[in-house]
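Trainee: Provided herewith is a single structure, encoded as C-alpha cells, for subsequent inquiry.
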Amino acid sequence: MADISLSTATPVIPRRRFLWSTLVDHAVLITGALIMFFPLLVMLQTASTPDIETMKYGPGLYFGDQLDDNFRKAMFEASGFSGANTGLSMFKNSLILGLGFAIGKIVIGMMAAYAIVYFRLRFATFAFWLIFTTLLLPLEVRILPSYEITQKLGLLNTYTGLIVPLIASATATFFFRQFFRSVPEELVEAARIDGAGPVKFFIDILVPLSQTMIAAMFIIMFVYGWNQYLWPTMITTDEGMYTLVRGIKRIVQVLQGGNEIPEYGRANVLAIIAVLPPVAIVIFFQSWFVKGLTESDK
Amino acid sequence: MAQVTLDSVRKIYPNGVEAVTPASFQIKDGEFVVLVGPSGCGKSTLLRMIAGLEDITEGALSIGDNVVNTLDPADRDIAMVFQNYALYPHMTVRKNIAYGLKNRKTPKDVIAQKVDEAAKMLNLTEYLDRKPAQLSGGQRQRVAMGRAIVRDPALFLFDEPLSNLDAKLRNQMRIEIKALQRRLGVTSIYVTHDQVEAMTMADRIIVLNGGRIEQIGTPSDIYHNPASTFVASFMGAPPMNLVAAEMQDGILSFAGLELPLASSMRGPVTLGLRPEDLIIDSHGPLAMEVELIEELGAHRLLHGQVNGQRLTVHLAKEEQVALGPLHLSCRVQNLCLFHPETGARMDGGFAFNLAQDRMEERV
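Protein sequence lines, in the order shown, are assigned to chains A and B.
The first sequence begins at 1 in our numbering and counts up one residue at a time.
The second sequence begins at 299 in our numbering and counts up one residue at a time.
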C-alpha cells in the first residue's frame, strides 16, 4: 500500500516510448546518407593513393600516403602545356565564374522584376511572360548562336564572355517578381510620401527587404554557376582561363592517348576541392535559404 | 499649416466606375475633419487623391493657395498615417521616423533633434533602437504618427489608423491623436468607417455614401439634424429608429402617436426617432412589445416592436423594465421626417412651428 500512495504522490513523467518506426526512419536516413557519402569516400581514397595502384587495383578499402603529394601537385603544378592551369588558378576562375554568375543573375533579375512589378509599363505582363518562356530555351538549345555572338564580340577566353551570356535569368526574375508583389502596397506609398524616388525606394527599402530572398537566390545561382561545364568548355581555350570542373576532365583525359597513366590522385584532389565551396556556401547560408524560400518577413 | 479646398473633385477609375462624384468642400486651417462612411463609399479614394497617391480625374485640389493636382505626394507638404502602419520593417524606429527628413536632405543634427522631440512626445524614447516587429500595435501606430509629426507638414492624413488595434487601445489612441492634433494645430483629414471615432474626434464630419457626400457638419449637427435616412442610421449607436408614418391634414400619425404639424404634406413619410428621445410613460401613446433588453451598465437598450415596426429605446439605468408590453411617449422637438423613397430630410426646421405650444410637453 505504501508503494501505491508514493507513486500517486510523485508526478509520473511518462517515459518516451521506444518506437520501431523511429528506428526504421533513422535506418533509412543513415543508409541514404552513407550512399550519398560513398563517392566522396572513394574520391578521398583515390586522392591519397599513388596513381599506379589505382590503375592496377581500382578503388580500395585503405588510405594511401600520397594525399599531401597529390594536393601539392594539384594545386600548384600545371597539368597542361602552357603551365597556366594550376589548381589554384582554376579555383580562382571557378570562383569568379560562380560569383559573377550569381551576382549578375541576382542584380539583373531584381532590376527586371522591379521594372515589371512597380512601373506602369504597357506590356509589363507580356514582357514578364516573354522572359518566363526563356526557361524553355536553356543554354544547350541556343548554344551555337550564343557562341557565335560571343566569338564575334571577341569575348572568347575572357571572364566577360564566360559570365555575361549566362546571367539573364528567368528564374531569378520570377522569384523576385513574386516576392515584390507580396510587399505591401502601403510601403511604396509611405516611401513616396517620405520623398523616396524609384532609385531610393529600390536601394533603401526593397533591397534590404529582399535579403533572405537574395541569399536563397545566391546559393542556388552560385552552385549552378560553379558547376557550369558546357559553356566554359566552349568559351575557354586558353589554359589560364580553365575552370575547375573543366580542368579535372582534362587531367584524366590523357588516358585516351594511351601513353600515360592518368593522374587519378591529382584529379580527385581537385574534385574534392571543387565540392568544397558549394558545400561551404550552403552550410553558411542554410538558415537564410530556408527563410528566403518559405517565410515572408515583412 | 494650411486650408484645403476641393472644387468638384471627381474620380473615375479606368474601368468606368465613378468612385467619387464631384465633391466640393473647404477645410479650415487647423481643423480636424473626419470622412466617414461604410466601406466602398469612396472615403479612402478621396483621401488618397488628396495625398497624391491617386490621380484626380476632374476638379481642382488646393492645399494652401496652390493647386496641387499634379504634384508628387512628396511635394504636397503632407504626411500620412496608414491603417497597417506601413513602417519599414528593416529599419529601427529612429530610422523609420527620420527617413522622410533624410530624403529631404535635412542636416543630421536637426534630424536627431526632431526625432528625439517626436519620440518624447509619443513616449517612444526607449524604443528608438528597436525594429517595428518588436513593438506592440499601439507602439507601431505611434511610430507611424512620429514619422508624420517630424516632417512638420501642412496637412495630416489618416487612413483608418486605428482599425488594426483592439477596442481598448483604440479608445486610448483616439484621445491621444486628438490631443496631439490640438497641440500641433495641424489641419487633419481622418478617414474611418467607425462612427464613434468620427463623432468623438471631428471638428467637422463629412458623411459619404456611394461616392457622394451626404452631409457635412459638426458632430452634433450630424447627430441631431441628419440630412438623410442614411446619415440618421449610420451615425449613432444604436442608430436612429426609422419607422413608416403617415401625414394627413396637418397631422403626423404613427401607431397611437398623433402630432399636429404646420405642413401641407400628405401621404407616407419616414419618421426618425432617436432611441434616447423615447421615454417610458404609462400614459404614452405608443404601445411597445419589449422583446429583448441589452444591459450596458450605464444604460440599457430595449428592443421591441410598435405596431409591427422595430424600435430601440435608450433607457437610463435607474428605470426598471421587464419584457412584455410597455407604453412610451417621445420628445417631439427632436423628431425628423424623411422622404419615404429618397430618404432625404423633409421637415427642414419649419415642421413643428405650429406645435410650439406643445413642444415642451410630452405627447
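Each residue gets a CB set at the ideal place from its N, CA and C atoms; glycine is no exception.
Under 8 angstroms, with one C-beta from each stretch per pair, do the stretch 184-192 of chain A and the stretch 139-154 of chain A reach the 3-pair mark?
Mentor: Contact fails: fewer than three Cβ-Cβ distances are below 8 angstroms.
Trainee: For residue 388 of chain B, is the classification buried or exposed, using 16 other Cβ atoms within 10 angstroms of its Cβ as the cut-off for buried?
Mentor: Counting from 1 along the second sequence, the entry for residue 388 of chain B is found at position 90. Buried, since its Cβ has 16 or more Cβ neighbours within 10 Å.
Trainee: Consult DSSP for residue 415 of chain B and reduce its assignment to one of helix, strand or coil.
Mentor: Here residue 415 of chain B corresponds to residue number 117 of the second sequence, with the count starting at 1. Helix, per DSSP.
Trainee: Please specify which runs of the beta strand (DSSP E), each continuous and at least 3 residues long, are wholly inside the stretch 551-590 of chain B, giving them in chain order.
Mentor: Within the stretch 551-590 of chain B, the complete beta strand (DSSP E) runs of at least 3 residues are 555-558, 565-571, 576-578.
Trainee: Distance check for residue 217 of chain A and residue 284 of chain A, CA to CA, integer angstroms please.
Mentor: Counting from one through the first sequence, the residue named residue 284 of chain A turns up at place 284. Counting from one through the first sequence, the residue named residue 217 of chain A turns up at place 217. Approximately 14 angstroms between the Cα atoms of the pair.
Trainee: Does DSSP classify residue 383 of chain B as helix, strand or coil?
Mentor: Taking the first residue of the second sequence as 1, we reach residue 383 of chain B at position 85. Coil at residue 383 of chain B, not helix or strand.
Trainee: Who are the neighbours of residue 388 of chain B on chain A, taking C-beta pairs under 7 angstroms?
Mentor: The residue given as residue 388 of chain B occupies position 90 in the second sequence. Simply 208, 209.
Trainee: Against chain A, does residue 402 of chain B count as a neighbour if the rule is that its beta carbon must be under 9 angstroms from one of theirs?
Mentor: Residue mapping note: residue 402 of chain B aligns to position 104 of the second sequence, counting from 1. So yes, residue 402 of chain B belongs to the interface.
Trainee: Closer than 7 angstroms, Cβ to any Cβ of chain B: which residues of the stretch 174-188 of chain A, in chain order?
Mentor: Flagged, chain order: 184, 186, 187.
Trainee: Nearest-angstrom Cα distance between residue 307 of chain A and residue 192 of chain A?
Mentor: The requested residue 307 of chain A is not part of the displayed model; chain A covers only 1 to 298.
Trainee: Report, in whole angstroms, the separation of the C-beta atoms of residue 265 of chain A and residue 59 of chain A, which I expect to be a contact under 8 angstroms.
Mentor: Here residue 265 of chain A refers to the residue found at position 265 when the first sequence is read from its first residue. Here residue 59 of chain A refers to the residue found at position 59 when the first sequence is read from its first residue. That belief does not hold up - the Cβ atoms of residue 265 of chain A and residue 59 of chain A are roughly 12 angstroms apart, past 8 angstroms.
Trainee: With a threshold of 6 angstroms on Cβ separation, who are the neighbours of residue 331 of chain B within its own chain once the five nearest residues in sequence on each side are excluded?
Mentor: Residue 331 of chain B sits at position 33 when you count from the first residue of the second sequence. Result list for residue 331 of chain B: 325, 487, 502, in chain order.
Trainee: Report the rounded CA-to-CA distance for residue 56 of chain A versus residue 262 of chain A, giving the unit in angstroms.
Mentor: To locate residue 56 of chain A, count along the first sequence from 1; it is residue 56. To locate residue 262 of chain A, count along the first sequence from 1; it is residue 262. Straight-line Cα distance between these residues: approximately 12 angstroms.
Trainee: Look up residue 643 of chain B in the DSSP assignment and say whether it is helix, strand or coil.
Mentor: On the second sequence, position 345 is the one that residue 643 of chain B refers to. Note: residue 643 of chain B maps to strand in three-state DSSP.
Trainee: Does the CB of residue 324 of chain B have a neighbour CB from chain A at under 9 angstroms?
Mentor: For the purposes of this step, residue 324 of chain B is identified with residue 26 of the second sequence, where counting begins at 1. So, not an interface residue.
Trainee: From residue 404 of chain B to residue 397 of chain B, what distance separates their C-alpha atoms?
Mentor: Translated into positions along the second sequence, residue 404 of chain B becomes position 106. Translated into positions along the second sequence, residue 397 of chain B becomes position 99. About 10 angstroms.
Trainee: Bridge partners for residue 488 of chain B per DSSP, in chain order?
Mentor: For the purposes of this step, residue 488 of chain B is identified with residue 190 of the second sequence, where counting begins at 1. Partner(s): B:332, B:456.
Trainee: Give the DSSP bridge partners of residue 623 of chain B, in chain order.
Mentor: Reading the second sequence from its first residue, position 325 is the one you call residue 623 of chain B. Residue 623 of chain B pairs with B:587.
Trainee: Note down, in chain order, every chain B residue with its Cβ under 8 angstroms from the Cβ of residue 291 of chain A.
Mentor: On the first sequence, position 291 is the one that residue 291 of chain A refers to. The contacting residues do not exist; residue 291 of chain A stays about 14 angstroms from chain B at best.
Trainee: Residues of chain B with a CB under 7 angstroms from the CB of residue 205 of chain A: which are they?
Mentor: On the first sequence, position 205 is the one that residue 205 of chain A refers to. In chain order: 386.
Trainee: Counting contacts by CB-CB distance shorter than 9 angstroms, is residue 381 of chain B in contact with chain A?
Mentor: Counting from one through the second sequence, the residue named residue 381 of chain B turns up at place 83. Yes, residue 381 of chain B lies at the interface with chain A (some Cβ there is under 9 angstroms from its Cβ).
Trainee: So residue 240 of chain A contacts chain B; which residues on that side make the cut at Cβ distance below 9 angstroms?
Mentor: Here residue 240 of chain A refers to the residue found at position 240 of the first sequence. Those within 9 angstroms of residue 240 of chain A in chain B number zero; the least Cβ separation is about 42 angstroms.
Trainee: Do residue 633 of chain B and residue 594 of chain B have their C-beta atoms closer together than 9 angstroms?
Mentor: Locating residue 633 of chain B in the second sequence gives position 335, counting from the first residue. Locating residue 594 of chain B in the second sequence gives position 296, counting from the first residue. Taking 9 angstroms as the Cβ cut-off, residue 633 of chain B and residue 594 of chain B do not qualify as a contacting pair.
Trainee: Quick one: is residue 93 of chain A buried, meaning 16 or more other Cβ sit within 10 Å of its Cβ, or exposed?
Mentor: Here residue 93 of chain A refers to the residue found at position 93 when the first sequence is read from its first residue. With 16 or more Cβ atoms within 10 Å of its Cβ, residue 93 of chain A is classed as buried.
Trainee: Alpha carbon to alpha carbon, how far is residue 46 of chain A from residue 224 of chain A? Give it in angstroms, no decimals.
Mentor: Translated into the one-based positions of the first sequence, residue 224 of chain A becomes position 224. Translated into the one-based positions of the first sequence, residue 46 of chain A becomes position 46. Taking the straight line from one Cα to the other gives about 26 angstroms.
Trainee: Suppose you measure from the CA of residue 158 of chain A to the CA of residue 241 of chain A; what does that come to, to the nearest Å?
Mentor: The residue you call residue 158 of chain A lines up with position 158 of the first sequence. The residue you call residue 241 of chain A lines up with position 241 of the first sequence. Cα to Cα, the separation comes out at about 7 angstroms.
Trainee: Could you tell me whether any Cβ in chain B is nearer than 9 angstroms to the Cβ of residue 192 of chain A?
Mentor: Mapped onto the first sequence, residue 192 of chain A falls at position 192. At least one chain B Cβ lies under 9 angstroms of residue 192 of chain A.
Trainee: Count the other C-beta atoms from every protein chain shown that fall within 10 angstroms of the C-beta of residue 648 of chain B, then say buried if there are 16 or more, exposed otherwise.
Mentor: As a working note, residue 648 of chain B is residue 350 in the second sequence. Its pLDDT being 44, under 50, residue 648 of chain B is placed unreliably by the model, and nothing is read from it.
Trainee: So what does residue 361 of chain B bridge to, in DSSP terms?
Mentor: Numbered from 1 along the second sequence, position 63 holds the residue referred to as residue 361 of chain B. DSSP lists B:302, B:364 as partners of residue 361 of chain B.
Trainee: What residue does the beta strand (DSSP E) around residue 541 of chain B start on, and which one ends it?
Mentor: As a working note, residue 541 of chain B is residue 243 in the second sequence. From DSSP, the beta strand (DSSP E) with residue 541 of chain B extends over 539-546.
Trainee: Around the Cβ of residue 672 of chain B, are there at least 16 other Cβ atoms within 10 angstroms (buried) or fewer (exposed)?
Mentor: Chain B is shown from 299 up to 661; residue 672 of chain B falls before or after that span and cannot be answered.
Trainee: Per DSSP, which one or two residues make a beta bridge with residue 526 of chain B?
Mentor: For this step, residue 526 of chain B is matched to residue 228 along the second sequence. Paired residue(s): B:642.
Trainee: Can you list, in chain order, the residues of its chain with a C-beta nearer than 8 angstroms to that of residue 577 of chain B? Leave out the 5 residues immediately preceding and following it.
Mentor: Taking the second sequence and counting its residues from 1, one reaches residue 577 of chain B at position 279. Within the same chain, residue 577 of chain B has close Cβ partners 626, 627, 628, 629, 660.
Trainee: Under 9 angstroms, Cβ to Cβ, is there at least one residue of chain A near residue 427 of chain B?
Mentor: Here residue 427 of chain B refers to the residue found at position 129 of the second sequence. No, its Cβ sits nowhere closer than 9 angstroms to a Cβ of chain A.
Trainee: Between B:553, B:561, B:532, B:540, which has its C-alpha nearest residue 277 of chain B's C-alpha?
Mentor: Outside the shown range of chain B (299 to 661) lies residue 277 of chain B, about which nothing can therefore be said.
Trainee: Output the distance between the C-alpha atoms of residue 479 of chain B and residue 99 of chain A, rounded to the nearest integer angstrom.
Mentor: Walking along the second sequence from the start, residue 479 of chain B turns up at place 181. Walking along the first sequence from the start, residue 99 of chain A turns up at place 99. Computed Cα separation, rounded: 53 angstroms.
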